[in-house]
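Under this note's numbering, the residue at position 350 of the sequence shown is numbered 620, and the numbers go up by one with no gaps.
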Amino acid sequence: MRLEEFNHWWTEKSVDPEFAPHTRRDLYDRVREDLGRRQVQVLLGLRRVGKSTILFQLADYLIGSGKNPLHILYCSFDEPELQEKRIGEILREYSRLTGVDCRKERIYLMLDEVQKSRNWVADVKLLHDNLRNVKILASGSASLNVLAEARRSLAGRAIYYELKPLSFGEFLRFKGVQVEIEKIPLYEDQLKREFEGFLFRPFPELVNEEDMGFIRSYIRNSVIEPIILKDIPKEFGEVDVLLLEKLITIFLSDPGQYLSLDEIAKELRRAKTTLYKALFYLEFSLLVRRVLNYRPSIRAASRKMSRIYAYHPCLTLPFGASEEKYVENLVLFVLDASHYWRYGNKEVDFLSGLTPVEVKYGSRVGKDDIRHLLYFMKKYSRLGAENGYVVTRDAEGEIAGIRLLPLWKLCLTGLPAGSRSRAAAGAGNQQS
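Here it is, written out as structure tokens:
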């Protein structure tokens with residue numbers, strides 16, 4: 271595809287509304303507010319969450335703010351013919367087509383799926399350091415936590431954002447449902463009805479989809495398979511695709527299982543080193559995530575058996591995970607927890623900082639269900655473990671100081687303010 275085909279606004283003077291819809295993700299405003307900063311802005315996230323749409327919406331905003339449409343260059347490295355080109359070559363082609371001199375005029379360079387460009391880190395660093403008139407925005411389908419090369423090479427030069435699948439609040443906005451968060455009881459019945467739709471529709475393109483068969487096929491064919499068959503081989507060269515498919519089936523059919531590479535190596539007759547690499551690829555591509563057993567010592571936590579989940583529970587839909595497992599995975603995603611806790615025969619599903627959270631979605635909650643929460647809070651009270659929660663289907667209230675919180679409300683508002691302890695270790699969605 272030629273550059274002028276990517277950038278229809280060069281001739282039409284505006285962005286086609288089909289590319290830049292009016293409804294925006296929560297992250298859009300933060301990215302837009304940072305446009306005046308010198309740093310490269312890197313937008314990361316799973317396939318199909320809307321990264322390209324945000325770039326087009328930013329182009330639309332810039333043109334609406336009076337910027338010359340010719341000064342906005344978008345290119346997608348999904349196109350095979352661009353993947354082998356250096357970004358400097360693309361800029362020279364752009365200048366030839368438009369007559370814009372990047373050394374003298376302010377331009378906005380938008381690089382979509384940038385991780386597919388072979389030398390993108392070196393090229394972006396070179397452009398940032400030498401062409402101060404070029405403002406760079408990039409998107410990529412990869413995990414921020416494992417982009418080690420980019421984080422090192424672009425240290426101090428980049429701001430990173432993670433665009434996640436739709437939150438419940440965003441889903442409501444995409445559906446055109448307006449609620450006042452501070453008046454939740456007034457809208458409770460409507461919110462519960464809408465939540466049933468939200469559970470399995472976390473992508474913008476699925477918001478109004480009724481057919482669950484189509485939803486499962488979409489997630490398999492538009493998200494999971496392109497990552498395994500195209501993205502990972504492109505990023506890492508020769509990989510064992512069959513092994514990746516087997517691991518995905520193992521992990522996503524039973525999210526939350528304890529990760530035992532020894533057992534998997536024996537079952538699949540593969541070396542553990544091979545499995546470690548494959549697991550890295552799946553984490554890099556935002557298909558799975560690991561949750562560590564909490565200990566105050568970081569070294570101790572890393573030695574304990576981890577549990578493995580889908581990055582987002584919707585990825586388990588093609589694999590038939592149970593409702594209980596699906597909900598547990600969703601709670602993990604909403605909390606963005608990095609730890610659970612297990613000590614002897616005692617266990618807590620997740621920690622948000624040092625706030626213990628249990629998931630009890632299918633049964634009534636009694637005192638026996640909160641014993642481990644209370645034990646954890648007592649054991650780590652000196653570190654700030656002051657609150658505990660049980661996520662339920664619909665029950666609300668308190669048992670022995672442990673708060674019961676319906677899942678729909680957790681997804682709408684998160685844990686109540688102040689529930690994350692002073693020892694909380696989680697980072698925000700933006701890092702520099």
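The beta-carbon is built from N, C-alpha and C at its ideal position, and this holds for glycine as well.
Beta-carbon spacing of residue i, residue j below 8 Å
| i | j | result |
| --- | --- | --- |
| Pro626 | Phe603 | no |
| Ser592 | Leu529 | no |
| Leu461 | Val477 | no |
| Val301 | Gln311 | yes |
| Glu464 | Leu442 | yes |
| Leu358 | Asp393 | According to the sequence displayed, residue 358 carries Gly and not Leu. Yes. Within cutoff. |
| Gln327 | Tyr298 | yes |
| Ala548 | Leu513 | yes |
| Gly590 | Ser523 | yes |
| Val391 | Glu419 | yes |
| Leu397 | Met380 | no |
| Ile518 | Arg317 | no |
| Val629 | Asp619 | yes |
| Pro676 | Glu666 | yes |
| Ser423 | Phe554 | no |
| Pro525 | Lys637 | no |
| Val601 | Val661 | yes |
| Asp304 | Ile429 | yes |
| Ser411 | Gly315 | yes |
Start-to-end residues for the beta strand (DSSP E) that takes in residue i
| i | result |
| --- | --- |
| Leu621 | Lys616 to Ser622 |
| His609 | His609 to Tyr613 |
| Leu407 | Val404 to Gly410 |
| Gln311 | Val310 to Leu314 |
| Val635 | No beta strand (DSSP E) contains Val635, which DSSP labels as neither H nor E. |
| Ala580 | Arg577 to Ala580 |
| Leu562 | Val558 to Asn563 |
| Glu668 | Gly667 to Ile669 |
| Arg673 | Ile672 to Pro676 |
| Thr662 | Tyr659 to Thr662 |
| Ser530 | From DSSP, Ser530 is part of no beta strand (DSSP E); its letter is neither H nor E. |
Same chain only: Cβ atoms within 7 Å of residue i, ignoring 5 sequence neighbours per side
| i | result |
| --- | --- |
| Tyr650 | Leu624 |
| Ser283 | At residue 283 the sequence reads Lys, which differs from the Ser that was named. Answer for Lys283: Pro339, listed in chain order. |
| Ser341 | Checking the sequence shown, residue 341 turns out to be His, not Ser. Val370, Glu375, Arg376, Ile377 and Tyr378. |
| Ile578 | Phe521, Gln527, Leu529, Val558 and Arg560 |
| Asp286 | His278 |
| Leu728 | Residue 728 falls outside the range modelled here, since the chain spans only 271 to 702, and no answer is possible. |
| Ala687 | none |
Terminal residues of the alpha helix (DSSP H) in which residue i lies
| i | result |
| --- | --- |
| Asp382 | Taken as a continuous stretch (DSSP letters only), Asp382 belongs to no alpha helix (DSSP H), being part of the beta strand (DSSP E) at Ile377 to Asp382. |
| Ile429 | Not the alpha helix (DSSP H): Ile429 falls in the beta strand (DSSP E), residues Ala428 to Glu432. |
| Arg641 | Arg641 to Lys649 |
Residue environment, residue i, which counts as buried when at least 16 other CB atoms sit within 10 Å
| i | result |
| --- | --- |
| Glu647 | Looking at the sequence itself, residue 647 is Met, so the reference to Glu does not match. With 16 or more Cβ atoms within 10 Å of its Cβ, Met647 is classed as buried. |
| Tyr709 | Here the chain covers residues 271 to 702 and nothing more, so residue 709 does not appear. |
| Asp330 | buried |
| Asp382 | buried |
| Glu275 | exposed |
| His292 | exposed |
| Leu653 | exposed |
| Lys679 | buried |
| Gly671 | exposed |
| Arg308 | exposed |
| Phe468 | buried |
| Thr281 | exposed |
| Leu674 | buried |
| Lys434 | buried |
| Asn657 | buried |
| Glu543 | Checking the sequence, you will find Thr at residue 543 rather than Glu. It counts as exposed. |
| Phe550 | exposed |
Contact set for residue i: own chain, Cβ-Cβ below 6 Å, skip 5 residues either direction
| i | result |
| --- | --- |
| His609 | Leu562, Tyr564 and Leu621 |
| Ser322 | Asp382 |
| Gln700 | Legend: pLDDT at Gln700 = 48, less than 50; position of this residue unreliable, no value from coordinates given. |
| Arg471 | Val477 |
| Ile451 | none |
| Thr705 | No answer is possible for residue 705: it lies beyond the span of the chain, which begins at 271 and ends at 702. |
| Arg692 | Summary for Arg692: the model assigns pLDDT 40, below 50, so the residue's position carries little reliability, and this model does not support an answer. |
| Pro566 | none |
| Tyr457 | Val449 |
Own chain, CB closer than 8 Å to residue i, minus 5 neighbours either side, in chain order
| i | result |
| --- | --- |
| Gln353 | Phe347, Lys386, Ser387, Arg388 and Lys504 |
| Ala541 | Ala535 |
| Cys372 | Leu361, Tyr364, Ser365, Leu401, Asn403 and Val404 |
| Glu479 | Arg471, Ile485 and Tyr488 |
| Leu273 | Leu343, Cys345, Ile360, Glu363, Tyr364 and Leu367 |
Beta carbon proximity, residue i to chain D, threshold 8 Å
| i | result |
| --- | --- |
| Tyr378 | Absence of chain D from the displayed structure is noted, only one protein chain being present. |
heavy atom of the ligand HEM below 7 Å from residue i C-beta
| i | result |
| --- | --- |
| Ile324 | By its list of ligands, the structure shown contains no ligand whatsoever, and the ligand HEM lies outside what it can speak to. |
*Between the segment 481 to 491 and the segment 557 to 565, do three or more beta carbon pairs fall short of 8 Å?*
Not touching, per the Cβ criterion.
*Examine the Cβ distances between the segment 675 to 690 and the segment 434 to 441 and report whether three or more of them are shorter than 8 Å.*
Counting C-beta pairs with one atom in each stretch, the segment 675 to 690 and the segment 434 to 441 have three or more that are closer than 8 Å, which means they touch.
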